[in-house]
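Enquirer: Pasting a structure here, questions to come.
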Amino acid sequence: MNKKKSVTISDIAKRVGMTTITVSRALSKPDLVKPATLARILEVARELDYVPNAFARGLKRSESLIIGVITASVDNPFYSEMIKAISREAKQHGYTIMLVDTDELEELESKAVDTLLGYRVAGIILSPVSDEPSYQPDYLERLGNGKTPVVLLDRTIHDSPFSRVVLDNYHSGIQAAHYLLRQTPALKRLLVLTGPEHSRITVERLKGLREVLAEHPQVQVEVQAGDYTLMPSYLHTLDYLAEHSAPDAIMGFNQLITLGALRALRMHNIPHDSLTICGIDRLPFADIFGVPIACVAHDASLAGSSAVRLLLDRLEDPFKPRDKVVIAGRLENG
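In terms of my numbering, the sequence shown opens at residue 4 and continues consecutively.
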């Protein structure tokens with residue numbers, strides 16, 4: 004099958020017997036063209052199924068109405084909600100988003116940055132593959148020295164010069180710990196399933212959790228580090244249950260981690276309501292199936308829309324100092 008050729012302004016000009024300048028003016032500044040001429044050009048444009056090339060137009064004007072979004076977690080429900088909010092907020096200001104999923108791979112993230120810079124996007128909202136202090140990707144200098152504004156979302160790059168939207172992970176750990184102790188006053192064994200060990204998010208959530216539990220030395224905390232996907236937490240919980248009886252409580256550091264733990268409990272025929280479970284952020288559709296797991300939920304929509312607003316601030320004032328928005332969590336189903 005032959006690929007359909009894109010219709011150009013020249014094609015329309017040939018059909019109507021006018022110059023490309025007249026056709027271009029009719030499509031971009033219709034008030035400057037005679038009504039009869041405009042009507043004829045628009046009629047032919049519809050017949051030929053003409054679609055304006057917004058990218059080419061942006062290059063010609065040295066501007067862009069595209070916001071690049073780079074994420075490593077498009078399959079994470081929390082990130083999906085943030086991306087939806089980014090798209091919605093961008094539309095309200097006349098922008099379209101270009102989304103790139105890096106699939107947690109550093110080389111794809113670097114290529115994504117180069118691709119978006121090549122498209123001359125207005126700005127970039129970036130959630131990097133890692134927020135560990137040692138992660139210093141090769142594109143940092145290109146972004147830091149360039150004119151394209153960047154906003155980091157959720158995960159941040161250590162000591163980078165960009166504005167950012169982050170979660171209050173430390174306070175979320177504190178809230179989860181208080182819930183676990185209220186729900187299980189005789190708490191002795193707690194299984195904590197985290198993201199990467201050196202992740203800033205993991206470290207801050209554990210810090211808040213341990214600060215509260217430090218006043219309860221009888222609580223034995225077993226920490227299993229993995230990543231922010233389902234499978235590692237599922238396997239870690241399976242291994243734990245193969246060697247121990249069920250713990251008094253389980254805490255998962257995001258929705259996918261919590262779901263992995265629930266899956267392992269089911270494999271061992273342990274009812275989820277026979278122990279205390281608390282996660283970070285809402286389990287998707289859990290209430291529909293009668294599984295109202297307690298969680299410290301963050302407003303993903305607010306995080307996404309805040310990232311767009313920070314980016315627009317930088318577009319309006321490129322010399323504005325680095326800004327930071329912190330999204331607090333709130334206990335739900337607790």
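Where a beta carbon is used, it is the ideal one built from N, C-alpha and C, also for glycine. The structure presented is a predicted model; accordingly, all values stated were derived computationally and were not measured.
1) According to DSSP, what are the bridge partners of Q227?
2) Would you call G20 buried or exposed, if buried means 16 or more other Cβ atoms sit within 10 Å of its Cβ?
3) What is the DSSP secondary structure of E279, counted as helix, strand or coil?
4) How should V206 be labelled, buried or exposed, when 16 other C-beta atoms within 10 angstroms of its C-beta is the threshold for buried?
5) Quick one: give me the first and last residue of the beta strand (DSSP E) that D104 is part of.
6) Just to check my reading of the structure: I70 and Y98 have Cβ atoms closer than 8 Å, yes? What is that Cβ distance to the nearest angstrom?
7) Given V47, which residues of its chain have a CB within under 7 Å of its CB, disregarding the five upstream and five downstream residues?
8) Let's test the definition: count the other Cβ atoms within 10 Å of the Cβ of T25 and tell me whether it reaches 16, buried, or not, exposed.
9) Between which two residues does the alpha helix (DSSP H) containing G255 stretch?
10) Where DSSP assigns a beta bridge to A289, which residues make up the other side?
11) In the DSSP assignment, the alpha helix (DSSP H) including K17 goes from what residue to what residue?
12) Starting from G211, trace the beta strand (DSSP E) in both directions and tell me its first and last residue.
13) Between which two residues does the beta strand (DSSP E) containing E335 stretch?
14) Any heavy atom of the ligand GDP closer than 6 Å to the beta-carbon of E46?
15) Tell me which residue opens and which closes the alpha helix (DSSP H) that G176 is part of.
16) Could you pull out every residue in the same chain whose Cβ sits closer than 6 Å to the Cβ of A180, ignoring the five residues on either side in sequence?
17) Alpha carbon to alpha carbon, what distance is there between G307 and D171?
18) Should the region 83-98 be called in touch with the region 304-321, which here means at least 3 C-beta pairs below 8 Å?
19) If V153 sits next to I127, beta carbons under 8 Å apart, how far is it from one beta carbon to the other, in whole angstroms?
20) Counting along the chain, where does the beta strand (DSSP E) carrying H2 start and finish?
21) What are the boundary residues of the alpha helix (DSSP H) that includes V26?
22) Classify V72 as helix, strand or coil using the three-state DSSP reduction.
23) In whole angstroms, what separates the C-alpha of V329 from that of H275?
Expert: The relevant details are as follows:
1) L196
2) exposed
3) According to the sequence as given, residue 279 is Thr; it is not Glu. Strand at T279.
4) buried
5) T99 to D104
6) 5 Å
7) I15, R18 and V19
8) buried
9) No alpha helix (DSSP H) contains G255, which is instead part of the beta strand (DSSP E) from A252 to G255.
10) Answer is none; A289 lacks a bridge partner.
11) I12 to V19
12) Note, G211: premise wrong, no beta strand (DSSP E); alpha helix (DSSP H) at R203 to L216.
13) G332 to E335
14) Looking for the ligand GDP in the displayed structure turns up nothing, as the structure carries no ligands at all.
15) N172 to Q186
16) L212, V215 and L216
17) 15 Å
18) yes
19) 5 Å
20) The displayed coordinates of the chain run from 4 to 337. Any statement about residue 2 would go beyond what the structure contains.
21) T23 to S31
22) strand
23) 32 Å
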